[in-house]
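Asker:
2 protein chains.
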Amino acid sequence: MRELGSTQPTAVELEILRILWEMEPCPVRDIHARLSEAKGTNYSTTVKMLSVMLNKGLVTRNEKATPHLYRAAITRHKAAKKFLGELVEKVYDGSVMSLVLQALSSGKVSKDEIDEVRKLLDEMEGKQ
Amino acid sequence: MRELGSTQPTAVELEILRILWEMEPCPVRDIHARLSEAKGTNYSTTVKMLSVMLNKGLVTRNEKATPHLYRAAITRHKAAKKFLGELVEKVYDGSVMSLVLQALSSGKVSKDEIDEVRKLLDEMEGKQ
DNA sequence: TTGCGGTAGCGAAGCCTTTCGCTATACTCG
DNA sequence: CGAGTATAGCGAAAGGCTTCGCTACCGCAA
Chain R
0 MRELGSTQPT
10 AVELEILRIL
20 WEMEPCPVRD
30 IHARLSEAKG
40 TNYSTTVKML
50 SVMLNKGLVT
60 RNEKATPHLY
70 RAAITRHKAA
80 KKFLGELVEK
90 VYDGSVMSLV
100 LQALSSGKVS
110 KDEIDEVRKL
120 LDEMEGKQ
Chain E
0 MRELGSTQPT
10 AVELEILRIL
20 WEMEPCPVRD
30 IHARLSEAKG
40 TNYSTTVKML
50 SVMLNKGLVT
60 RNEKATPHLY
70 RAAITRHKAA
80 KKFLGELVEK
90 VYDGSVMSLV
100 LQALSSGKVS
110 KDEIDEVRKL
120 LDEMEGKQ
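As you go down the protein sequences, you meet chains R and E in turn. All letters in the first sequence, in the order written, are residues 0 to 127 by numbering that gives the first Met the number 0. All letters in the second sequence, in the order written, are residues 0 to 127 by numbering that gives the first Met the number 0.
1. For E:V11, which residues of its own chain have a beta-carbon under 7 angstroms away from its beta-carbon, when the five flanking residues on both sides are left out?
2. Using DSSP bridges, identify the partner residues of E:L53.
3. Grab me the residues of R:G125's own chain with a C-beta within less than 8 angstroms of its C-beta, minus the 5 sequence neighbours each way, in chain order.
4. Assuming E:T129 and E:L57 form a contact by the criterion Cβ under 8 angstroms, report the distance between their Cβ atoms to the nearest whole angstrom.
5. Thinking E:S105 and R:K80 are a contact (beta carbons under 8 angstroms), I'd like their distance in whole angstroms, please.
6. Which bits of chain R does E:V90 rub up against, with CB to CB less than 7 angstroms?
7. Thinking R:A64 and R:L19 are a contact (beta carbons under 8 angstroms), I'd like their distance in whole angstroms, please.
8. R:V116 and E:L120: beta carbons closer than 8 angstroms?
9. Beta carbons nearer than 7 angstroms to chain R: which residues of the stretch 1-26 of chain E have them?
10. Who are the neighbours of R:E36 on chain E, taking C-beta pairs under 7 angstroms?
11. Just grab the DSSP bridge partners of E:R70 for me.
12. If you reduce the DSSP assignment to three classes, tell me which class E:T65 lands in.
13. Between R:L16 and R:A78, is the Cβ-Cβ spacing less than 8 angstroms?
14. Using a beta-carbon distance below 8 angstroms, is E:K126 in contact with chain R?
15. Please check if any C-beta of chain R sits within less than 8 angstroms of the C-beta of E:V58.
16. For R:D117, return the contacting residues in chain E, with the cut-off set at a CB-CB distance below 8 angstroms.
17. Which whole-angstrom value describes the C-beta separation of R:Y69 and R:I113, a residue pair presumed to lie in contact below a C-beta threshold of 8 angstroms?
18. Taking buried to mean at least 16 other C-beta atoms within 10 Å of its own C-beta, is R:M52 buried or exposed?
19. Round the Cβ separation of R:G93 and R:V99 to the nearest angstrom and send it over; I've been treating them as touching at under 8 angstroms.
20. So, does the CB of E:M96 fall closer than 8 angstroms to a CB anywhere in chain R?
21. If you draw a straight line from the alpha carbon of R:V108 to that of R:T9, how long is it in whole angstroms?
22. On the DSSP letters alone, give me the boundaries of the alpha helix (DSSP H) that E:E14 sits inside.
23. Tell me, please, whether the CB atom of E:S105 is closer than 8 angstroms to any CB atom in chain R?
24. Roughly how many angstroms lie between the CA atoms of E:C25 and R:H76, to the nearest whole one?
25. Tell me which same chain residues have a C-beta within less than 8 angstroms of the C-beta of E:T40, skipping the five on either side of it?
26. So the alpha helix (DSSP H) E:Q101 belongs to, where does it begin and stop?
27. Mind checking which residues open and close the alpha helix (DSSP H) that includes R:S35?
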């Protein structure tokens with residue numbers, strides 16, 4: 000088994016992680032039910048993907064007690080942070096602000112959400 | 000040649016696009032100089048990648064006049080927007096705000112930049 | 001116990017990305 | 001021109017991700 004985090008989850012792997020974040024711990028059966036809904040792939044494929052992900056350290060399970068129940072090895076929060084960092088690095092040349100400005104200007108954002116961001120900005124300024 | 004944008008650029012493709020965004024139009028030679036600096040790959044590899052990308056519609060060139068000069072087929076801005084949209088969709092479940100909040104709270108951001116975001120927020124509110 | 005439906009796993013095939021060896025073309029300088 | 005160097009291109013190999021067929025296992029009912 001490789002080091003956790005040595006590789007980024009691929010597209011399908013991310014889909015599986017998202018399912019786990021929502022329903023873990025979770026038997027293959029349930030993961031497959033959700034996955035095949037969107038992709039129509041075979042049950043064997045889901046099993047294999049989980050075995051690959053287990054090998055990569057992307058998911059875990061209790062080998063002794065419940066080897067059929069899978070969990071995500073990283074939290075949604077951590078994964079998000081990692082993806083975000085990579086995006087900033089690779090596309091925005093390390094500028095978090097460029098990303099934030101583009102995200103804000105391109106998205107539909109409610110007044111409440113705008114206020115929430117203001118509050119966060121105030122807090123950040125206070126700490127400086 | 001496939002439709003532009005039918006596929007996301009892969010890792011190496013993105014590296015090449017970044018080089019082009021900085022120096023286009025650009026002969027293979029120069030692209031390779033930059034690419035091999037970071038990766039140490041063969042000249043043939045760079046040529047092939049460009050031919051693949053040309054085929055995918057990720058880069059362009061003037062076939063008649065200057066077939067040796069390559070350009071990116073999408074602007075940095077558009078590519079960024081696409082990546083961002085995908086990240087929001089896949090990892091933040093479509094919530095732009097979740098992403099913005101996480102980006103702000105995880106990055107080093109200067110006071111000027113904070114003010115810049117405030118200004119943008121004000122503008123957005125004005126339009127609603 | 002035996003047969004059966006539901007579950008898990010392995011190895012190999014298929015596809016896409018990335019790499020490079022070999023060939024072809026163009027360019028320069030004696 | 002003609003040899004040698006720089007540049008471009010193609011096809012095939014290598015490697016990784018995704019898919020599935022076939023096999024193995026487990027628990028339950030006849």
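A virtual CB, placed ideally from N, CA and C, is assigned to each residue, including glycine. The structure presented is a predicted model; accordingly, all values stated were derived computationally and were not measured.
Answerer: This is what the structure gives:
1. Closer than 7 angstroms at the Cβ level, and outside the excluded window around E:V11, lie M48.
2. Answer is none; E:L53 lacks a bridge partner.
3. Closer than 8 angstroms at the Cβ level, and outside the excluded window around R:G125, lies no residue.
4. Residue numbering for chain E in the displayed model covers 0 to 127; residue 129 of chain E lies beyond these limits and cannot be assessed.
5. The distance from the Cβ of E:S105 to that of R:K80 is about 6 angstroms, consistent with a contact at the 8 angstroms cut-off.
6. The contact set of E:V90 on chain R, defined by CB atoms closer than 7 angstroms, consists of A78, A79, F82 in chain order.
7. The Cβ separation is near 18 angstroms, so there is no contact.
8. Yes. Within cutoff.
9. Under the 7 angstroms Cβ criterion, the stretch 1-26 of chain E contributes L13.
10. Residues of chain E passing the Cβ test: none, with the nearest at roughly 16 angstroms.
11. Paired residue(s): E:T59.
12. E:T65 carries a strand assignment under DSSP once its states are collapsed to helix, strand and coil.
13. Yes.
14. So no, E:K126 is outside the interface.
15. The Cβ of E:V58 sits no closer than 8 angstroms to any Cβ of chain R.
16. The sequence given here has Arg at residue 117 of chain R, not Asp. The answer, in chain order, is R117, L120.
17. Not quite, the Cβ-Cβ distance comes to about 39 angstroms (not below 8 angstroms), so this is no contact.
18. R:M52 should be labelled buried.
19. Going by Cβ atoms, the distance from R:G93 to R:V99 rounds to 13 angstroms, so no, they are not a contact pair.
20. Chain R, which has a Cβ nearer than 8 angstroms to the Cβ of E:M96, makes this yes.
21. Straight-line Cα distance between these residues: approximately 29 angstroms.
22. For E:E14, the uninterrupted alpha helix (DSSP H) run begins and ends at 10-22, by DSSP.
23. Interface residue, yes.
24. C-alpha separation (whole angstroms): 40 angstroms.
25. For E:T40, where only same-chain residues beyond five positions count, the Cβ hits under 8 angstroms are L34.
26. Element bounds for E:Q101: 95-105.
27. Per DSSP, R:S35 belongs to the alpha helix (DSSP H) from 27-38.
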